[in-house]
Each structure stands twice: as structure tokens, then as C-alpha cells.
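For the sequence shown, this note's numbering begins at 92 and goes up steadily by one. In this text, a Cβ means the ideal position worked out from N, Cα and C, and glycines have one as well. It should be emphasised that the depicted structure is a prediction, and the values quoted were computed from it without experimental measurement. Report on the following structure.
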Amino acid sequence: MEPAEMPLTLCINAPLLTAAQEASLARRVEQGDQQAREALVNSNIRLVASVARRYMGRGLPLEDMIQEGVIGLMRAIEKYNYLRGYRFSTYATHWIRQAISRAVANQGRCMRLPAHVVDALGRLTRAREALRQRLGRAPTRRELAAETGLTEQRVGEMLEWAVLPLSLDTPVGDDLDAHLADFVPAPEESGPSETVLRGVVKDELRQALAVLSPKERAVIALRFGLVDDEPHTLRETGLKLGMTRERARQLEHQALEKLRHTRAAVRAAEALV
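Below you can see the structure in the form of C-alpha cells.
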């Protein structure tokens, strides 16, 4: 029986693995051991279910989200490098979230968005791809606004909540010097924007935050889910911290610029390769 087809209660009751057991199973998986692969999947179904529950109420049944999460889990098993020393469960969380959030975006959103919003999203997506081909790089928010006729603020809002797939060469902020790839190099392809800087090496990132001011640290912690494993939009971040959305954006930009130059951030990025 394939792991994804096993009764959920059976998988959830599977014992948790120690770091040594994870490394041992990963080593056997690398050698083609199918039983080790299944054991690694089954022992992490509880993690999949935990992540999936955070997305409840967004348009997909829990069972469907768990199935999508298992697909992400299997992808994590293929990409995991036990020699790097970090826990498989921590690494897998990134891929599980990516799979579930994409499924929610692709299957759940269409039932809730008004037609004019869907049209605007389509126009934004087409403009982004056209500009990417024309410029040979990802367009900035200002360029997207000029191309679509939307305001920069509206473009920013749509990019925040629409869960549009972002390439890691997307510029960070209003200039072209900083890109998402400076912070989290994805193994093959980038995931949704909410997965950036999350889920794999939080301890390293928390160390990197030491170079930031208290306000910058608070903004980054909320924006990338370092507090409660839930990323917040700029508007939500501003409300929580008693500042405007624009001020939260400015602090985020300042913080990301600082993080580019810290050794801890470099180590965190390298661990995601």
C-alpha cells in the first residue's frame, strides 16, 4: 500500500523519529530502499496534518490538503541531504507548506474571488510574464503598475494576498539590487511568496535578526512566520505593530538589506540549497 493511500489514523499514530533515525532512513532512501522511504513518509504524516490544519477554511477539505501535503513530503524526501545536519522534519515543512498553499491557491481561490478581481489577477500575471520576457528579468512593482494601469499600492496588495508564484529573481523593494535569491536559494523552483525565508533554518534566521533594530526584527518575524508559523501581510503586520502598511514595508526593506550582509543569513541561505 502506498503511503498516501494508508489510513490516516494509522499514519498519524506512527512513532516520531529521532534525528539519528531520520538520517539513517534518508541514507537508505538514497540507496533505493523503498521501505525506508515509506517509513519516512508515514512517520511525518502527523506533520502534514498539522500544517494542513492551518489552512482550514480556505476552500479545500482537510483530507484533500493532507493529500497535497503528502505529495510535498515525498518531494522533500527526494531533495533532502542528511549530510547537511539539519532535521528532515524541519526541511520537509517547507515543501509541505508549498504543496498545500499551491493547492489552496489553485483550487480554492476561484470559488471566492469576484470576477473583477480574477480579471485583474489575470492581467497582472500576463503583464508580469510579458515584462519578464521583454526585460530578461523579473519586473519591479513600479513596472507592473505602469504595464497594467494599476497603482503601485494595488499591485503590491494583489501580490500579497493572491499567492502568486514568485521567482527568486523577483526584486525586493523598489530597486534592482536585492532579490529574493539573495536570501533563500530554492532547490529547483521557487514556491509561493509565503514560503520565502521560512520553515528550514529558523534558528539561523533568528541569529541573523540580532543585527536588526527592534522594529525591524518585529516586522520580519511577523512577515515570515517566525513567531507563530503563519506569515502576515504588510497590512496585518502594521496593525499588530501599530504602524501603517507603508511603514511596515519600509522597515521590511531596511531589514532585508541588512540581512544580505550578515554571515548568519549566508549560512541560512546555503542550508536551503
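Handout entry: Residue from 152, 176, 184 whose Cα sits closest to the Cα of residue 165
Key = Along the sequence shown, read from residue 1 onward, the residue named residue 165 stands at position 74. Looking at the Cα atoms, 184 is the closest of the given residues.
Handout entry: Inter-residue spacing [alpha-carbon to alpha-carbon] between residue 312 and residue 118
Key = Reading the sequence shown from its first residue, position 221 is the one you call residue 312. Reading the sequence shown from its first residue, position 27 is the one you call residue 118. The straight-line gap from Cα to Cα measures roughly 34 Å.
Exercise for the section: Reducing DSSP to helix, strand and coil, say where residue 109 ends up. Expected result: For the purposes of this step, residue 109 is taken as residue 18 along the sequence shown, with counting starting at 1. Three-state result, residue 109: coil.
Problem - residue 111 versus 129, 176, 242, residue with shortest Cα-Cα distance - result: To locate residue 111, count along the sequence shown from 1; it is residue 20. For residue 111, the nearest C-alpha among the options comes from 176.
Exercise for the section: Take the Cβ of residue 158 as the centre, count every other Cβ of all protein chains shown within 10 Å, and call the residue buried at 16 or more, exposed below. Expected result: Numbered from its first residue, the sequence shown carries residue 158 at position 67. With 16 or more Cβ atoms within 10 Å of its Cβ, residue 158 is classed as buried.
Handout entry: Distance CB(residue 196)-CB(residue 249) smaller than 8 Å
Key = Looking up residue 196 in the sequence shown gives position 105. Looking up residue 249 in the sequence shown gives position 158. No, the pair does not count as a contact, with Cβ atoms beyond the cut-off.
Handout entry: Reduced DSSP secondary structure (H/G/I, E/B, other) of residue 338
Key = Position 247 of the sequence shown, counting from 1, holds the residue named residue 338. Residue 338 falls in the helix class under three-state DSSP.
Practice task
Determine the extent of the alpha helix (DSSP H) in which residue 180 is found, giving its start and end residues.
Solution key: Counting from one through the sequence shown, the residue named residue 180 turns up at place 89. 179-194 is the span of the alpha helix (DSSP H), which, as asked, contains residue 180.
Exercise for the section: Would you kindly check if the distance between the Cβ of residue 214 and the Cβ of residue 113 is under 8 Å? Expected result: Here residue 113 is taken as the residue at index 22 of the sequence shown, counted from 1. Here residue 214 is taken as the residue at index 123 of the sequence shown, counted from 1. No, Cβ-Cβ distance for residue 113 and residue 214 is not below 8 Å.
Problem - Residue of 241, 242, 116 minimising C-alpha distance to residue 174 - result: For this step, residue 174 is matched to residue 83 along the sequence shown. Considering only alpha carbons, the answer is 116.
Problem - Buried versus exposed call for residue 134 [16 or more other C-beta atoms within 10 Å across all chains shown] - result: As a position in the sequence shown, residue 134 is number 43, starting the count at 1. Looking at its Cβ environment, which holds 16 or more other Cβ atoms inside 10 Å, residue 134 is buried.
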